[in-house]
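**Q** In UniProt numbering, the protein residues as written are 1 to 219.
1. Quick one: residues in its chain with C-beta nearer than 6 Å to the C-beta of residue 166, no 5 flanking neighbours on either side, listed in chain order?
2. With residue 97 as the anchor, note down where its beta strand (DSSP E) starts and where it stops.
3. Less than 7 Å between the beta carbons of residue 120 and residue 154, yes or no?
4. Considering Cα atoms alone, identify which of 200, 159 and 163 is closest to residue 176.
5. Would you call the region 69–89 and the region 194–214 in contact, with 3 or more CB pairs under 8 Å?
6. Using only alpha-carbon positions, find the residue among 122, 92, 132 and 123 that is nearest to residue 205.
7. On the CB-based measure, 16 or more other CB atoms within 10 Å of its CB, does residue 64 come out buried or exposed?
8. So, with DSSP's three-state summary, where would you put residue 149?
9. Tell me the residue span of the alpha helix (DSSP H) that contains residue 172.
10. Could you tell me which whole beta strand (DSSP E) segments of length 3 or greater appear in the region 13–74?
11. Buried or exposed: where does residue 213 fall if 16 or more other Cβ atoms within 10 Å of its Cβ makes it buried?
12. Can you tell me where the alpha helix (DSSP H) holding residue 204 begins and where it ends?
13. Three-state secondary structure (DSSP) at residue 160?
14. Per DSSP, residue 137 forms a beta bridge with which residues?
15. For residue 108, which residues in the same chain have their Cβ closer than 8 Å to its Cβ, ignoring the five residues on either side in sequence?
16. Thinking C-beta only, is residue 160 closer than 7 Å to residue 129?
17. So if DSSP puts residue 132 in a beta bridge, which residue, or which two residues, is it bridged to?
18. From what residue to what residue does the alpha helix (DSSP H) around residue 112 run?
19. Around the C-beta of residue 39, are 16 or more other C-beta atoms found within 10 angstroms, so that it is buried, or is it exposed?
20. Starting from residue 119 and walking both ways along the alpha helix (DSSP H), at which residues does that stretch end?
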């Protein structure tokens, strides 16, 4: 085989690695995590990856959504964002999650999505996916770290490779310095208090870099 590769000019040196594929999967009730997901996808593309933004299926009753003006407006504004499926997870080399905290855990919408990936898990198709996560809450100690850790627990069962930002760039300190993933406090007006755009983009590019190393190592 090595002889044939040389004969036809196919060598490790001149093979081109396919671009990393990134699925940015989010759930957002007020728009914060949707914005973070868009920043992450933008940065992933800047890093040379193919990226797409996907939302998880909403499972809250429509009557509850309609009773909350901000929630209803967000649902309407993002109605054309594709809903993530198992096919997207299988397609992706890397997955960046963005979710708000719910009592120190991920929202039920995201938990249901992860629970539905049992088929992929059972066939080994979640192994070595590179994953990272971001979150938000209404106060600095509203469960951000616990939420990320709860999501990462599922990723350990997947056999995924968790790529946290740690303290790999000074921009992380301006965003609050959460080593598990970018987290942001959202005020009563629905606006982000910390400036986390740079931290989100750094985290996304770091995730792409790790995915490139993994992808190259598997070739």
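Idealized CB from N, CA, C, for every residue including glycine.
All figures in this text were calculated on a predicted structure; none of them were measured in a lab.
**A** A quick look at the data gives this:
1. For this step, residue 166 is matched to residue 166 along the chain shown. Here the set comprises 179.
2. Here residue 97 corresponds to residue number 97 of the chain shown, with the count starting at 1. That run of the beta strand (DSSP E) goes 94–100.
3. Residue 120 sits at position 120 when you count from the first residue of the chain shown. Residue 154 sits at position 154 when you count from the first residue of the chain shown. No.
4. For this step, residue 176 is matched to residue 176 along the chain shown. The closest CA to that of residue 176, considering only 200, 159 and 163, is found on 200.
5. Pairwise C-beta distances place the region 69–89 out of contact with the region 194–214, as fewer than three of them are shorter than 8 Å.
6. To locate residue 205, count along the chain shown from 1; it is residue 205. Among 122, 92, 132 and 123, the Cα nearest to that of residue 205 belongs to 132.
7. In the chain shown, the residue the question calls residue 64 occupies position 64. Exposed.
8. As a first step, residue 149 must be located in the chain shown, where it is residue number 149. Of the three classes helix, strand and coil, the one that applies to residue 149 here is helix, per DSSP.
9. For this step, residue 172 is matched to residue 172 along the chain shown. Per DSSP, residue 172 belongs to the alpha helix (DSSP H) from 171–174.
10. 21–26 and 50–55
11. The residue you call residue 213 lines up with position 213 of the chain shown. Its Cβ having fewer than 16 others within 10 Å, residue 213 is exposed.
12. Position 204 of the chain shown, counted from the first residue, corresponds to residue 204. First-last of the alpha helix (DSSP H) with residue 204: 197–217.
13. In the chain shown, the residue the question calls residue 160 occupies position 160. The answer is coil: DSSP assigns residue 160 none of H, G, I, E or B.
14. Translated into the one-based positions of the chain shown, residue 137 becomes position 137. Partner(s): 185.
15. Here the question's residue 108 lines up with position 108 in the chain shown. 59 and 102, listed in sequence order.
16. Your numbering for residue 129 matches position 129 in the chain shown. Your numbering for residue 160 matches position 160 in the chain shown. Cβ distance < 7 Å, so residue 129 and residue 160 count as in contact.
17. For this step, residue 132 is matched to residue 132 along the chain shown. Note: residue 132 sits in a beta bridge opposite 96.
18. Numbered from 1 along the chain shown, position 112 holds the residue referred to as residue 112. 108–115 is the extent of the alpha helix (DSSP H) around residue 112.
19. Taking the first residue of the chain shown as 1, we reach residue 39 at position 39. With 16 or more other Cβ atoms within 10 Å, it is buried.
20. The sequence position of residue 119 within the chain shown is 119, counting from 1. Taken as a continuous stretch (DSSP letters only), the alpha helix (DSSP H) holding residue 119 covers 118–122.
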